[in-house]
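Written out below as structure tokens is the structure these notes cover.
2 protein chains.
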Amino acid sequence: MTATAEPTPDAPPTQDLLQSLAVLAGAQWRDFQAAAAHEGLTSMQAKLLGQLVRPLPMRELAALLACDASNVTGIVDRLEAQGLARREPDPHDRRVKRVIATPEGRETVRRVRAEMHAVHRALDALDPAERAALYALVEKMRPALEG
Amino acid sequence: MTATAEPTPDAPPTQDLLQSLAVLAGAQWRDFQAAAAHEGLTSMQAKLLGQLVRPLPMRELAALLACDASNVTGIVDRLEAQGLARREPDPHDRRVKRVIATPEGRETVRRVRAEMHAVHRALDALDPAERAALYALVEKMRPALEG
DNA sequence: TATTGTTATACTCTATAACTATA
DNA sequence: TATAGTTATAGAGTATAACAATA
Chain A
150 MTATAEPTPD APPTQDLLQS LAVLAGAQWR DFQAAAAHEG LTSMQAKLLG
200 QLVRPLPMRE LAALLACDAS NVTGIVDRLE AQGLARREPD PHDRRVKRVI
250 ATPEGRETVR RVRAEMHAVH RALDALDPAE RAALYALVEK MRPALEG
Chain B
150 MTATAEPTPD APPTQDLLQS LAVLAGAQWR DFQAAAAHEG LTSMQAKLLG
200 QLVRPLPMRE LAALLACDAS NVTGIVDRLE AQGLARREPD PHDRRVKRVI
250 ATPEGRETVR RVRAEMHAVH RALDALDPAE RAALYALVEK MRPALEG
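Just so you know, the protein sequences line up as chains A and B, in that order. Quick note on numbering: the first sequence equals residues 150 to 296 in our numbering. Quick note on numbering: the second sequence equals residues 150 to 296 in our numbering.
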């Protein structure tokens, strides 16, 4: 028997890999929904709030959330009503409103991220080397994911 | 300087890893929504349809979709109206209705999965060894994700 | 009594189209 | 005229509560 010089590890069937990734994404989504609900937010409200690392125009938020701009109005309205975000005028263009997170809003984002229980448990199942490998693999895919 | 015998690879900060995984999950979600829309379905309709590998009671579908049972009625109604799924009586319990995918429904599921363009592109960025490593890592996390 | 599926209700998200105020 | 944000509208997803049929 001729051993292959550098044995190619069995590449899993694409369907199996896609299924695994779907399980991971599904768990992340359920975690996020449950965490947001625990903080009194819908998943879209929490998702928008999580984008507010800096003041963002409504239009940019719509692009980041991959939804129509008209939806952003209502979502920001509800966040504003809960004191988690607010609108401010753009100094350079009076048509634009920039949305910013309040301190309470930023604290809520932190709590939601801390409440991703299944994902945190899953990462705890990996040792440091495995975590590093996972990170490297996803980062390698990232340009293709975003492009 | 004392070199560590077996140098631990730098484990990335948990926040960075969570962020990477969020980018991956986000891309999968956008892919799925776009693919479902291309087939004339909402993401929930496509998600339910994808679960129908065997006849499933409404109640089980609600559990799989992590939503209330009352929602399943409407989603199945719309799939049934499009000829992609149908209800059949359960032979052992007359309270139960089992939902099954029609051949056209199964074909639609196949097309949706094939249209996950960004994810497929991302996997193409990995070589076979990397794919195998990714699969092994996610499978190692799986019990924690599902538990 | 408990469970399955459904209906009614109210709220949120969603895209489309039309509107306003700026540019 | 083009763009940013809003409003109005209709369809879909969502949880809650109440209901009929069945276990």
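All C-beta atoms, glycine included, are put in the ideal place defined by N, C-alpha and C. Values in this document were obtained by computation on a predicted structure and should not be read as measured data.
Please check if any C-beta of chain B sits within less than 9 Å of the C-beta of residue i.
i	result
V219 (chain A)	According to the sequence as given, residue 219 (chain A) is Ser; it is not Val. Cβ-Cβ to chain B under 9 Å: no for S219 (chain A).
K246 (chain A)	no
H269 (chain A)	yes
D242 (chain A)	no
D226 (chain A)	no
T153 (chain A)	Per-residue confidence for T153 (chain A) stands at a pLDDT of 49, beneath the threshold of 50, marking its modelled position as unreliable; the derived number appears in the next sentence. No, T153 (chain A) does not count as interfacial toward chain B.
Name, please, each residue of chain A whose Cβ falls closer than 8 Å to the Cβ of residue i.
i	result
Q299 (chain B)	In the structure as shown, chain B begins at 150 and stops at 296. Residue 299 (chain B) is therefore absent and cannot be evaluated.
M265 (chain B)	L167
Looking at the C-beta of residue i, does it have a partner C-beta in chain A at a distance below 9 Å?
i	result
H187 (chain B)	no
L275 (chain B)	yes
Q200 (chain B)	no
M193 (chain B)	no
R280 (chain B)	yes
A215 (chain B)	yes
Q182 (chain B)	yes
Run down chain A in chain order and give the residues with a C-beta less than 7 Å from the C-beta of residue i.
i	result
T163 (chain B)	L272
V287 (chain B)	S169, L170, L173
D239 (chain B)	Ordered by position in chain A, no residue passes the 7 Å Cβ test against D239 (chain B), which lies about 26 Å from the chain.
L294 (chain B)	V172, L173, A176, A267, A271
Which stretch, first to last residue, makes up the alpha helix (DSSP H) that contains residue i?
i	result
V221 (chain B)	218-230
A160 (chain A)	That residue, A160 (chain A), is in no alpha helix (DSSP H); it is neither H nor E in DSSP.
E288 (chain B)	277-295
R208 (chain B)	207-214
R270 (chain A)	266-273
Starting from residue i, trace the beta strand (DSSP E) both ways and give me its first and last residue.
i	result
R236 (chain B)	234-238
R247 (chain B)	246-250
Based on Cα-Cα distance, which residue from the options lies nearest to residue i?
i	options	result
E295 (chain A)	B:L286, B:V172, B:A263, B:E188	B:V172
T163 (chain B)	A:M265, A:M290, A:Q168	A:M265
T222 (chain B)	B:R243, B:L286, B:Q194, B:V261	B:Q194
K289 (chain A)	B:P292, B:D273, B:A293	B:D273
V248 (chain B)	B:R259, B:R227, B:V261	B:R227
L185 (chain A)	A:L201, A:L233, A:S219, A:V258	First, the residue type needs correcting, since residue 185 (chain A) is Ala and not Leu in the sequence shown. Taking only the C-alpha atoms, the option nearest A185 (chain A) is A:V258.
G175 (chain B)	A:E188, A:Q231, A:L213, A:P277	A:L213
P206 (chain B)	B:A250, B:V245, B:C216	B:V245
V268 (chain A)	A:W178, A:Q231, A:A278	A:W178
P238 (chain A)	A:P204, A:E256, A:A263	A:P204
Any heavy atom of the ligand MG closer than 8 Å to the Cβ of residue i?
i	result
A263 (chain A)	No copy of the ligand MG appears in this structure; indeed no ligand is present at all.
Going along chain B, which residues have a C-beta under 9 Å from residue i?
i	result
R262 (chain A)	Q164, L167
Residues of chain A with CB closer than 9 Å to the CB of residue i, please, in chain order.
i	result
L283 (chain B)	P161, L166, S169, L170, A282, L283, L286, V287, M290
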